[in-house]
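Asker: Numbered per our numbering, the sequence shown spans residues 71 to 154.
C-beta: ideal position from N, C-alpha, C; glycine also.
This is the structure I want to talk about, given as structure tokens.
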Amino acid sequence: MVDKSWVVYLLKCADNSLYCGVTNDLVRRLRQHNGEIKGGAKYTQARRPCELVYQEVCEDKSSAMQREYALKRLSRLAKQKLFL
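Okay, structure coming up:
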């Protein structure tokens, strides 16, 4: 079994909103968010298509979830500075 890295990511949705999440399979998760395969968050289902604008590889699931929490607490402007 291949060990996959944990990634924190930001998506820009069709309504220009931002969505933050964590996964260990970014390609699969993006396909889920965009409705190509089953799954994905309710939030993104109504705001498709979603575009990946930022990703950050983390050491493990715990550190990825801590980073996600920190990113979610940032203002929209601070989040945009990560990818603009």
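The beta strand (DSSP E) with Leu80 in it runs from where to where?
Answerer: Trp76 to Lys82
Asker: Roughly how many angstroms lie between the CA atoms of Arg101 and Leu81, to the nearest whole one?
Answerer: Taking C-alpha positions only, Arg101 is separated from Leu81 by approximately 12 Å.
Asker: With respect to the alpha helix (DSSP H) encompassing Glu138, which residues constitute its N-terminal and C-terminal limits?
Answerer: Lys131 to Arg143
Asker: Please identify the residue among Cys128, Glu106, Tyr79 and Val127 whose C-alpha is closest to the C-alpha of Arg118.
Answerer: Glu106
Asker: What's the gap between the Cα of Cys120 and the Cα of Val97?
Answerer: Distance from the CA atom of Cys120 to the CA atom of Val97, rounded to whole angstroms, is 13 Å.
Asker: Please report how far the alpha carbon of Met71 lies from the alpha carbon of Arg99, in whole angstroms.
Answerer: At Met71, the pLDDT of 42 sits below 50, so the modelled position is not reliable; the number obtained from the coordinates is stated separately. If you take the alpha carbons of Met71 and Arg99, they lie about 19 Å apart.
Asker: Report the CB separation of Leu152 from Tyr113 in whole angstroms; it is logged as a contact under 8 Å.
Answerer: At roughly 19 Å, the Cβ-Cβ gap does not stay under 8 Å, so Leu152 and Tyr113 are not in contact.
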